[in-house]
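So the sequence lines, in the order shown, correspond to chains D and W. Add 94 to a position in the first sequence, counting from 1, and you land on the number used in this note's numbering. Add 11 to a position in the second sequence, counting from 1, and you land on the number used in this note's numbering. Glycine is no exception: its CB is placed at the ideal position from the N, C-alpha and C atoms.
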Amino acid sequence: MKLLLIDLSNDVAFARRLSLLVAKHSRGVQLIRASLADYIPHLRDSRLASVLINNDELNETVLNVCKSILRQVPAAPVLFTLYRGELSPEQLEVLRSHGVVMATSYDFYPGEDAVRAMLGFTEGLRIRRGLCSLGLGRLLRNLAEGLATVRLFVSAPGRQGAWIYLLNGVVCHAQHPGEDSSGDGGLALLQEFAGLEEALTCTLSEEPLLPRTCNITTGNRVVFELLGGGGEPPWKRSDTYEWATIEENPNLEQGSEYRQLPAQVTENMGAITQARPPLDPSIARVIALPARPMGLSMGLGALVAIEIRNTEGRRVHVLTPEERKEGEDA
Amino acid sequence: MHSGIGGDTMLEKAFLDLTRLDGILGGVLFSRRGEILLMQLPSVFSFDAVLEAVSLGVQALSTAEATGAVTEITLHYEVGRIHLRRIGPYGAIVVAIGTMDRDVVEIGFNVVAACLRQKSES
């Protein structure tokens, strides 16, 4: 398999160091170096597994290269490295909507961890061909049961493909590659794939950049029913939430807490119930007062989330890091 | 350790069976005033800790009930869960491990509630 480096900044030291690290850490990945002038023919190589774009800024050229990769090899995960800079959440979202699954910056040389992560996308790329829509349902169910965080690229002959994102096993977002992700057509897109009779091809990229919003807010069960082809399921569509709404912390970005907190909760609860608005934080705060010492006295550790079931259904409040810290201080 | 609830063996049996399921560490049935009626917990839990947990449970239930008709509160902790539920005139606390299937707890609570209903009808 091949990792294509499109070096827009012509950084020879970067390429040399990268090739050494690829040789050190990979299991037979071949690094191909190309420039802006000659990368197109390499995209037609059937052994191409992933594409790495390196530049010293995020500019139109980078996005244009991403677009041409999306046109030629939409299933290939695109990686981006930036020399000396920081990418804002907005820039990460722009990159993600152009097919980028990993974006990182470096000083002088790429780090070993970053290269290992790049190789993870290259070597770990899994493709399944000839799936029917029921098979897609089963694949999604397996991923959900495994609490996977993945981007699934689903394509059918003669049709525009789609990205389906899962966070900790929750099917949360779907969009056409390169299109605006702010729409709420995720479920409609899945519905379209559920109705297809052609053989589908799925490409899986694990631990990718995640969208900042999600456009599928009903539970997993609904999506599976839809893909399982069991008639009209009784489901209710609710408003599109920001990721932060699920976590109830608008200040959280893609840091360690961002990943860990929902993981902890989904493991405990099976899946986050996304179809209803979360529990009012002010009520949760009052309940947390007796709940915190209760858990400590029973040896269960710190309080992570509060769930209330009443006539309106289940409501969940996941404690924010600030609220958890509040509890520790108290 | 467990104490008894006088004269209602069906309810007692249903609750104790619930607390003995795989993944459930134990549970306590208490009155609205916080008096412990039935308790099944491993001896590592000191009686003081259980008393404290019950009084905090009463507090949490009444706080939640002030906001509307609450049927159940589930508190998720780092290494487990506490299920709090009002069953007729009683309150129940069940301590479960994090991976315990919540539906099993739900069914157990429903069986206890059904026993209580049966008793009040007869």
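Between Val195 (chain D) and Pro168 (chain D), the C-beta spacing is not below 8 angstroms. Cα atoms of Phe108 (chain D) and Leu284 (chain D): separation of roughly 41 angstroms, rounded to the nearest angstrom.
Neighbourhood of Arg403 (chain D) in chain W, by CB distance below 8 angstroms: Val81, Thr82, Glu83, Ile84 and Thr85, in chain order. Here the region 135-150 of chain D does not lie against the region 180-187 of chain D, with fewer than 3 beta-carbon pairs under 8 angstroms apart.
When C-alpha distances from Ile400 (chain D) are compared across D:Arg235, D:Ser391 and D:Ala385, the shortest belongs to D:Ala385.
Our two residues, His94 (chain W) and Glu83 (chain W), have alpha carbons roughly 7 angstroms apart in a direct line. The continuous alpha helix (DSSP H) containing Glu206 (chain D) extends over residues Glu206 to Glu217.
Thr243 (chain D) is positioned such that its CB atom lies no closer than 8 angstroms to that of Glu154 (chain D). Residues of the region 374-393 of chain D that bring their beta carbon within less than 7 angstroms of a beta carbon in chain W comprise Ile377, Val380, Ile381, Pro384, Ala385, Pro387, Met388, Gly389, Ser391 and Met392, in sequence order. In this structure Leu97 (chain D) is in contact with Thr216 (chain D), their Cβ atoms being roughly 5 angstroms apart against a cut-off of 8 angstroms.
Judged by beta-carbon spacing, Ala268 (chain D) lies beyond the 8 angstroms limit of Ala250 (chain D), meaning their Cβ atoms are not closer than that value. DSSP places Ser129 (chain D) outside both helix and strand once states are collapsed to three, so it counts as coil. D:Thr297 is the residue among D:Ser391, D:Phe202 and D:Thr297 whose C-alpha sits nearest the C-alpha of Ile221 (chain D). Leu213 (chain D) is positioned such that its CB atom lies closer than 8 angstroms to that of Val116 (chain D). C-alpha of His87 (chain W) to C-alpha of Val39 (chain W): approximately 18 angstroms in a straight line.
Taking C-beta separations shorter than 8 angstroms and ignoring five residues to either side along the sequence, the partners of Arg178 (chain D) in its chain run Asp150, Ser199, Tyr200 and Asp201, following chain order. In the three-state reduction of the DSSP assignment, Met392 (chain D) falls in the coil class, being assigned neither a helical nor a strand state.
For Met111 (chain W), the CB contacts under 6 angstroms within the same chain, skipping 5 residues up- and downstream, are Gly34 in chain order.
For Thr30 (chain W), the nearest beta carbon of chain D is not closer than 8 angstroms to its own beta carbon.
For Thr30 (chain W), the CB contacts under 7 angstroms within the same chain, skipping 5 residues up- and downstream, are Gly37, Gly38, Gln51 and Val105 in chain order.
The beta carbon of Glu292 (chain D) is closer than 7 angstroms to those of Ala250 and Pro251 in its chain, skipping five residues each way along the sequence.
Between Val90 (chain W) and Phe26 (chain W), the gap from beta carbon to beta carbon reaches 8 angstroms or more. Following the DSSP letters along the chain, one finds Phe108 (chain D) inside the alpha helix (DSSP H) bounded by residues Val106 to His119. Below the 9 angstroms Cβ cutoff, chain D contributes Ala385, Met388, Gly389, Met392 and Leu394 as neighbours of Ile93 (chain W), in chain order. CA-to-CA, the gap between Ser299 (chain D) and Ile118 (chain W) works out to about 39 angstroms. DSSP, read as helix, strand or coil, puts Met21 (chain W) in helix. Counting along the chain, Gly68 (chain W) sits inside the alpha helix (DSSP H) bounded by residues Phe58 to Glu76. Within 10 angstroms of the beta-carbon of Val264 (chain D) lie 16 or more other beta-carbons, which makes it buried. Its chain contains no residue whose beta carbon lies nearer than 8 angstroms to that of Asp59 (chain W) once the 5 sequence neighbours on both sides are disregarded.
With respect to Leu99 (chain D), Ile134 (chain D) sits apart: the two C-beta atoms are not nearer than 8 angstroms. Counting along the chain, Ala124 (chain W) sits inside the alpha helix (DSSP H) bounded by residues Arg113 to Glu132. Counted as a single uninterrupted DSSP element, the beta strand (DSSP E) harbouring Gln269 (chain D) occupies residues Val264 to Gln269. Closest by C-alpha distance to Leu114 (chain D), out of D:Arg210, D:Asn148, D:Leu164 and D:Asp132, is D:Arg210. Using a Cβ-Cβ cut-off of 7 angstroms, Leu397 (chain D) is close to Leu86 and Tyr88 of chain W, given in chain order.
Taking the Cα positions, His192 (chain D) is about 39 angstroms away from Ser376 (chain D).
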